[in-house]
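full-length UniProt numbering applies: residue 1 is where the sequence shown begins, and numbers increase by one.
Report on one structure; see the data block that follows.
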Amino acid sequence: MLFRGKRLRTEQKYYLHLHDYISLRSKLAKQLQLDSHSIDVDGYNIRSLYFDDPKKTSLERKNDGIFKREKFRIRIYNESDNFIALERKTKLGDYVCKESKRISRAEYDQIMLGEYEFLKQPNEPLMMDFYAAINTYGYKPMSIVDYWREAYIYEYGNVRITFDKRLAAGVNTVDLFDPQLALDEVVTTSSTIMEVKYDEMLPERVRQIIAPASHIRSSISKYVLCREKILQHYTQ
């Protein structure tokens with residue numbers, strides 16, 4: 001199934017207790033390939049800046065369980081500006097579509113300064129839609145989401161099994177590169193978020209390893225968890 005010319009993927013999320021994570025990690029490491037982007041045994045760091053409008057549309061649509069919803073974000077890896085991506089993630093029930101456009105550090109800095117004219121590129125629909133969200137609906141930087149991801153790959157079915165750990169919210173800035181960024185833990189170290197992503201069907205070999213029915217499935221949104229943590233800071 002295609003959406004905006006891209007293949008929709010199934011995405012399922014689960015909360016894992018620490019002992020379940022350790023057990024699954026051991027099994028997957030023996031049979032699947034660790035993501036090549038990993039920099040150590042914990043995987044790699046992901047830091048994202050999410051945008052929303054003054055009405056908190058992205059936040060409220062998720063909390064209200066709206067079938068179709070989308071979020072704009074800027075994402076970096078391992079705290080580096082070597083690769084910066086503007087992304088839109090669209091969710092349609094259990095299906096997701098992620099669009100991505102690489103931007104430069106200079107373009108990121110322009111966005112943070114409120115200089116958006118460079119986004120008006122007719123041949124770049126994602127950038128045009130992001131520009132429209134900013135100028136029509138007042139989208140602006142809202143929250144930083146930071147975590148470590150340990151990812152395993154299985155070629156058949158384009159499967160990715162990820163363990164997201166040490167989820168934290170940036171509570172004092174919306175600049176991804178601020179050296180004074182303060183992070184507040186959102187999910188305790190005793191819990192891990194497992195995400196299972198695949199194209200059409202989950203291969204039986206992988207299903208037998210992870211045993212999805214044995215775990216607690218949840219409509220987890222790292223953005224919502226972190227945004228609510230930030231709101232707590234402002235109301236204290």
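Where is the CB? At the ideal position from N, CA and C, for every residue including glycine.
Owing to the predicted nature of the structure, the values given are computational and were not obtained by experimental measurement.
Within 10 angstroms of the Cβ of residue i, are there 16 or more other Cβ atoms? Answer buried if so, exposed if not.
i, result
"Leu59", "buried"
"Ile144", "buried"
"Thr136", "exposed"
"Asp109", "exposed"
"Lys68", "exposed"
"Glu115", "exposed"
"Leu113", "exposed"
"Ala132", "exposed"
"Leu119", "buried"
Rounded to whole angstroms, what is the Cα-Cα separation between residue i and residue j?
i, j, result
"Val41", "Phe163", "12 Å"
"Arg166", "Thr189", "6 Å"
"Tyr147", "Asp184", "11 Å"
"Asp129", "Tyr95", "21 Å"
"Leu24", "Arg207", "12 Å"
"Gly157", "Ala182", "39 Å"
"Glu204", "Leu28", "14 Å"
"Lys140", "Thr57", "12 Å"
"Lys98", "Lys89", "5 Å"
Pick out whichever of the options has its Cα sitting closest to the Cα of residue i.
i, options, result
"Asp175", "Leu92, Ala168, Tyr50", "Tyr50"
"Ser219", "Phe83, Tyr15, Leu113, Pro125", "Tyr15"
"Lys197", "Ile39, Arg9, Ser104", "Arg9"
"Leu126", "Arg102, Tyr21, Lys140", "Arg102"
Please return the same chain residues whose Cβ sits closer than 7 Å to the Cβ of residue i, not counting the five positions on each side in sequence.
i, result
"Ile46", "Arg75, Tyr77, Tyr147, Arg149"
"Arg105", "Asp81, Ile84"
According to DSSP, residue i sits in a beta bridge with which residue or residues?
i, result
"Ala151", "Thr162"
"Gln12", "Val196"
"His17", "Ser191"
Among residues of its own chain, excluding the 5 on either side of residue i, which ones have a beta-carbon nearer than 6 Å to its beta-carbon?
i, result
"Thr173", "Leu181"
"Val187", "Leu167"
"Arg61", "Arg69"
CB-CB under 8 Å to residue i, same chain, minus the five flanking residues each way: which ones, in chain order?
i, result
"Ala169", "Ser143, Ile144, Val145, Asp146, Leu183, Asp184, Val186, Leu225, Cys226, Arg227, Lys229, Ile230"
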